[in-house]
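K.L.:
With this note's numbering applied, the sequence shown covers 91 to 220. Even glycine gets a Cβ: it sits at the ideal position worked out from N, Cα and C. Remember, predicted model here, so these are calculated numbers, not experimental data.
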Amino acid sequence: MIKKILTKACIYFSIICGAYAFAMLAFHGAEGGLGALRVLLFIPFCLAFGAASVQLTDAQYDKAYRRLLHALLTVGGAILFLLLPAGLKGSQNLTGGVLILVVYVIVVAISALFKKRVSKALEEDKKYRK
């Protein structure tokens, strides 16, 4: 299980660092480099997100529990490791937390719709082949 978490964390870290580097380059140009502390804080977030992803696929627990744990680890990790260290003041933290939650809900909804369409297409394909 630890190997799966670390593998997923490495993949997520690579994707997040690449996206962050691209965004910094696009918005700030060549002088807007990656902050070392910000990149360092991606590591614990990616570990939390990797653990959430592994837990989501673990059939040992009830589906509702797995989804709740995934949401808590993902959103909690983003708030704890990405939002709070940014040094925002007062209501900006609340706004950032709500924004993270809204983005999470949108991504999960799109993912669920995609999975539903794929499973429906596979089911129709099985019926067609019979």
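Report all residues from its chain with a CB closer than 6 Å to the CB of A138; omit the five preceding and five following residues, and keep chain order.
P.N.:
For A138, where only same-chain residues beyond five positions count, the Cβ hits under 6 Å are L163 and G167.
K.L.:
Going by DSSP, what residue range makes up the alpha helix (DSSP H) through A95?
P.N.:
The residue you asked about is not Ala; residue 95 is Ile in the sequence shown. I95 -> alpha helix (DSSP H) spans I92 to H118.
K.L.:
Restricting to Cα atoms, I'd like to know which of G140, A176 and K206 is closest to L159.
P.N.:
The candidate whose alpha carbon is nearest that of L159 is G140.
K.L.:
State the DSSP-derived secondary structure class of Y218, mapped to helix, strand or coil.
P.N.:
Of the three classes helix, strand and coil, the one that applies to Y218 here is helix, per DSSP.
K.L.:
Using a Cβ-Cβ cut-off of 6 Å (strictly less than) and excluding sequence neighbours within five positions of G187, which residues of its own chain qualify?
P.N.:
The residues are I169.
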